[in-house]
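The block underneath contains the structure these notes are about, expressed in structure tokens.
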């Protein structure tokens, strides 16, 4: 048995084991906990896929050349959006359980009555379906076109993608804001923060970058990305570095304004997260999502050191999971809980994501061989 | 060639030729190898073996110092030296310090980066780098790539350097003589600069002094003069009634004070003098009475004050039966609000002084109408 096949068997086994735990959660640990975990992993897969697609679109938008040799990696990661769609469709069943705006009690709530139409189950579902449709459109144009270019070698794709990229940025902003407001902020519909979509975007982009960096290093170890050098890694590291600061900037800006204004309906959001056991989670989030990666990547050499970059990328993915957990779980009035249900959900979805990404990584070319700018990208030097 | 040459320049036609020549020039170990090119060339830093710039470390240290400085200073101001509750937040709220910490971090870091690079590392200002006066400089700014072997000490062998560069493929070689004076900052230059700044300040100051003296109505900056504010004795358009200062809401009682007599005099009749009848209180009342009341009501309260005759007024004779029958509250009311021609003394006398005056007036009334029994009270 080849090691490749061995890993595959292991992943399938882990997925099956995780699935058992997930079913067990539904039966024994209560529906609310099941759906909270399910929504968490839907948001995680979705932000990972959308963040990766954003990297692809960003390259076309600014006509970046350095990232052409590694573009196939975020393109493959972006197909996680296709995995997120069935997960999201199942998550629609969570709406009447978790989301106060879609529950019958909302009719008595003086604030939610005004938002009733927007938060109701039908319109909520329609918005999610629209988001999925827009993601599939982005995937079809940017990723589908790029894959086709491998055989046709038609440079027309580059022009098409460059024209589509600005439109996609608007679509991207709409989709990530809708998902953030509906699926995360919708858990506490009385609370609002304009910047919330940007906050989720910062996390999504970071998770996409971290996954891209990990995959690049993984493929490099297998000698499948010939010509990708420290200069390319440096740019990925620099992006990661910059966006840890962006994330904390947005996160702190939101916190400070709400803290200063001290309005009861706004500040309750942080009151919950800074009281009791959640306080420790909040502080460790700031440490893991900002301080640790910031100082890990602050020097020039660390950004292209594969060992360092790999560790920081793992850390960023973990911190993104913690970030989304920190957004979703306190909203449900829960204490920080991490036990076998969370563990089996993590096992199920992480091994599922790995299976999906492994499958994607084994299909087709590892670099966009049809792109006329590939050579220029390989020659990139800092 | 002489030992006083500054460096030997070798001109190359392409960047590749330059890059290929660098290892040979460095292997000769004749002096510092430096490159002059029209644009940055990838990998040339490593080829020249340039030391990593210490600027990054300097910026990091100064940035952290900026953050610590801003935090420490704000903490000291807000929590230690002058703690004031603002917006209902505790004085040591670190959240409010963060934006300024961020700004000061950036300030320290950028100043360190900019000034550290220019002054410390590039040793600016200096007047003309020797290479600028070479023949090759026109090519360097256009399409030529120059490798220089620069003299490190007196024993520099410019002939050997020229030979090395020729062998490394230079299409032209030029020996630069050492400049006749130091191109770097001199004390003479510093003195002249400081003198110039001094003269400029003097001229500007004198100009301003005479300009404002001779043309006083010229207001170069009216921002301080015309700022929106309340001026004493001037109307203000801010409130509807045109007053700058607003009266307190009716019935307002200052902290630590009792409600004052604001109703009618009849309503005030029920007020009870809260002060004890002690010698100290009579002393307070006597002093206040002599300051404020005596001029009209007289030393003994008979309405024959020192100013009564001069103005022809008829102040009340406090010894009259009518006032002897007054309850304490009505006298107090008259002090607070005034009566007929008598002005209100609420602004002049504190609450304690007013009630002490009431005690004193009572004492005057009793002294002027003393009975036999009063004599039996023996003062110690």
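Chains as they are written, first to last, in the working numbering: chain A, 29 to 410; chain B, 68 to 447. Cβ coordinates follow ideal geometry from the N, Cα and C atoms, glycine included.
Residues of the stretch 285 to 307 of chain A whose Cβ lies closer than 8 Å to any Cβ of chain B, in chain order: 287, 288, 290.
The DSSP assignment places no complete beta strand (DSSP E) segment of no fewer than 3 residues inside the stretch 184 to 209 of chain A. Secondary structure of residue 283/A (DSSP, three-state): helix.
When C-beta atoms of the stretch 93 to 100 of chain B are compared with those of the stretch 201 to 212 of chain B, fewer than three pairs fall below 8 Å, so the two segments do not count as touching.
Proximity to residue 262/A across 215/A, 326/A, 331/A peaks at 331/A, based on C-alpha coordinates.
Setting aside the 5 residues that flank it on each side, residue 349/B is surrounded in the same chain by 423, 426, 427, 430, each with a C-beta closer than 8 Å to its C-beta; the list follows chain order. Taking 4 residues as the minimum length, the alpha helix (DSSP H) runs contained wholly in the stretch 225 to 288 of chain B are 225 to 234, 254 to 281, in order along the chain. Annotation: the continuous beta strand (DSSP E) that includes residue 217/B extends over 212 to 217. Contact annotation: the stretch 54 to 70 of chain A does not touch the stretch 85 to 105 of chain A, with fewer than three C-beta pairs closer than 8 Å.
At least one CB atom of chain A sits nearer than 9 Å to the CB of residue 127/B. Counting only runs of 4 or more residues that sit fully inside the stretch 275 to 344 of chain A, the alpha helix (DSSP H) segments are 292 to 301, 306 to 314, 320 to 324, in chain order. Along the stretch 314 to 326 of chain A, going in chain order, the ones with a CB nearer than 8 Å to a CB of chain B are 326. Interface flag for residue 162/B against chain A is set, since a Cβ pair is found closer than 9 Å. For residue 110/B, the neighbours in chain A by C-beta distance under 9 Å run, in chain order, 409. By the rule that beta-carbons nearer than 9 Å mark a contact, residue 151/B does not touch chain A. Linking residue 315/A to residue 153/A through their CA atoms gives a straight-line distance of about 36 Å. The secondary-structure analysis by DSSP pairs residue 72/B across a beta bridge with 244/B. When C-beta atoms of the stretch 75 to 87 of chain B are compared with those of the stretch 283 to 300 of chain A, fewer than three pairs fall below 8 Å, so the two segments do not count as touching. In the three-state reduction of the DSSP assignment, residue 347/B falls in the helix class.
Taking a C-beta cut-off of 8 Å against chain B, the contacting residues of the stretch 268 to 285 of chain A are 280, 283, 284, listed in chain order.
Assignment of residue 430/B by DSSP, reduced to helix, strand and coil, places it in the helix class. At least 9 Å separates the CB of residue 263/B from every CB of chain A.
When Cβ-Cβ separations below 9 Å define contact, residue 328/A makes contact with chain B. Judged by DSSP in its simplified three-state form, residue 101/B adopts strand. For residue 94/B, the enclosing alpha helix (DSSP H) starts and ends at 82 to 94. With respect to the 9 Å criterion, residue 156/A and residue 120/A are classified as neighbours on the basis of their beta carbons.
Under the three-state reduction of DSSP, residue 323/B is assigned to coil, being neither helix nor strand. Contact annotation: in the stretch 159 to 185 of chain B, residues whose CB is within less than 7 Å of a CB in chain A are 162, 165. The contact set of residue 154/B on chain A, defined by CB atoms closer than 8 Å, consists of 288, 290 in chain order. If you draw a 10 Å sphere on the C-beta of residue 170/A, you find 16 or more other C-beta atoms in it, and that means buried. In the same chain as residue 121/B, and ignoring 5 residues on each side of it, the C-beta atoms closer than 8 Å to its own belong to 188, in chain order. Neighbours of residue 123/B in chain A, taken as residues at a C-beta separation under 9 Å, are given in chain order as 326, 327, 328. Comparing C-alpha distances from residue 72/A to each of 359/A, 368/A, 232/A, 397/A shows the shortest one belongs to 232/A.
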